[in-house]
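**Q** Just so you know, the sequences run in chain order A and B. Position 58 of the first sequence, counted from 1, bears residue number 597 in this note's numbering, the numbering being contiguous throughout. Position 112 of the second sequence, counted from 1, bears residue number 1571 in this note's numbering, the numbering being contiguous throughout. Backbone N, C-alpha and C fix where the C-beta goes; we use that ideal spot for every residue, glycine too.
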Amino acid sequence: NAGVTQTPKFRILKIGQSMTLQCTQDMNHNYMYWYRQDPGMGLKLIYYSVGAGITDKGEVPNGYNVSRSTTEDFPLRLELAAPSQTSVYFCASTLGQAKNTEAFFGQGTRLTVV
Amino acid sequence: AQTVTQSQPEMSVQEAETVTLSCTYDTSESDYYLFWYKQPPSRQMILVIRQEAYKQQNATENRFSVNFQKAAKSFSLKISDSQLGDAAMYFCAYRGYNNNDMRFGAGTRLTVKP
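1. Does SER1466 (chain B) come out as helix, strand or coil in the three-state DSSP assignment?
2. Going by DSSP in three states, GLN624 (chain A) sits in which element: helix, strand or coil?
3. Taking the C-alpha atoms as reference points, what is the distance between ALA642 (chain A) and ASN1559 (chain B)?
4. Are the Cβ atoms of SER1535 (chain B) and THR1479 (chain B) separated by less than 7 Å?
5. For GLN556 (chain A), go through chain B and note every residue whose CB falls closer than 9 Å to its CB, in chain order.
6. Since I believe LEU634 (chain A) is in contact with LEU705 (chain A) (beta carbons under 8 Å), could you give me their beta-carbon distance rounded to a whole number of angstroms?
7. For a test of the three-state rule: what should DSSP assign to LEU1543 (chain B), helix, strand or coil?
8. So that I know if they touch, is there some Cβ in chain A lying closer than 7 Å to that of PHE1563 (chain B)?
9. Closer than 7 Å, CB to CB, is LEU582 (chain A) near chain B or not?
10. Put ASN601 (chain A) into one of helix, strand or coil per three-state DSSP.
11. Out of B:ILE1505, B:PHE1550 and B:GLY1544, which has the shortest C-alpha to C-alpha gap to MET580 (chain A)?
12. In whole angstroms, give me the CA-to-CA distance for LYS1497 (chain B) and PRO547 (chain A).
13. CB MET1561 (chain B) to CB ALA1552 (chain B), shorter than 7 Å?
14. If you follow the beta strand (DSSP E) that SER1524 (chain B) is part of, which residue opens it and which one closes it?
15. Can you find a C-beta in chain B that's less than 7 Å from the C-beta of GLN564 (chain A)?
16. Would you mind giving the Cβ-Cβ distance between PRO614 (chain A) and GLN561 (chain A), rounded to the nearest angstrom? I have them listed as a contact below 8 Å.
17. Drop a sphere of 10 angstroms on the beta-carbon of VAL605 (chain A), count the other beta-carbons inside from all chains shown, and report buried for 16 or more, exposed for fewer.
18. Does GLN1467 (chain B) have its Cβ less than 7 Å from a Cβ in chain A?
19. For LYS1409 (chain B), which three-state DSSP category applies?
20. By Cβ distance, which residues of its chain are closer than 8 Å to VAL589 (chain A), with the 5 residues on each side in sequence left out?
21. Would a check of beta-carbon distances place TYR1492 (chain B) closer than 7 Å to chain A?
22. How should SER632 (chain A) be labelled, buried or exposed, when 16 other C-beta atoms within 10 angstroms of its C-beta is the threshold for buried?
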């Protein structure tokens, strides 16, 4: 029972480099999310997807891009990494859109931009 | 926009004792859900308990219970008979009309002393 899997778990990037954070889920969930978690702050939504081919911006989308070509995968792309993007990134998924739906999270990717 | 506030950055409790974590939120909506998530050192976010705003009865899950005060917009988590495994960051979260954006508090780090 893998649930939500994120790779890599840790990464150090130099300013201006690009990378893709991978996220895959095996629960056949339609809804997927990317959050970032900064020290002393709650999780903030970067992007979300309600199904394959459909994505939309969250609260803090600047500097990021996403795609959703399959139900299982929801990669997050960082272009021109900046120190402000140093954070822990979480991917999550939910079965549906109902308010009571439990979100399932990956173990996070700790990204440092130097 | 909805906001979630956790005013206790850190709490500690003696093993087998009871501890209460505070959460307040701000919303103009009447229909919403509130959640408590646990984030252990492994970083994997785990749902602890959830509460529907329309239900007056407080939710309970084994040693975890909530005190939901809708008028006061308060949603505290009580952990009874605390165990060493309860040590973690605890996040309060809100999901309302915009179901695609779950709002999180900044978290409370709970330490359990043997």
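**A** To lay it out plainly:
1. coil
2. helix
3. 11 Å
4. yes
5. Going along chain B, no residue has its Cβ under 9 Å from GLN556 (chain A), so there is no contact; the nearest lies around 23 Å.
6. Outside the displayed span of chain A (540 to 653) sits residue 705 (chain A), for which this structure offers no information.
7. helix
8. yes
9. yes
10. coil
11. B:PHE1550
12. 22 Å
13. yes
14. 1523-1528
15. no
16. 5 Å
17. buried
18. no
19. The question about residue 1409 (chain B) has no answer, for chain B in this structure spans 1460 to 1573.
20. ASN569, TYR570, ASP595 and GLN636
21. yes
22. buried
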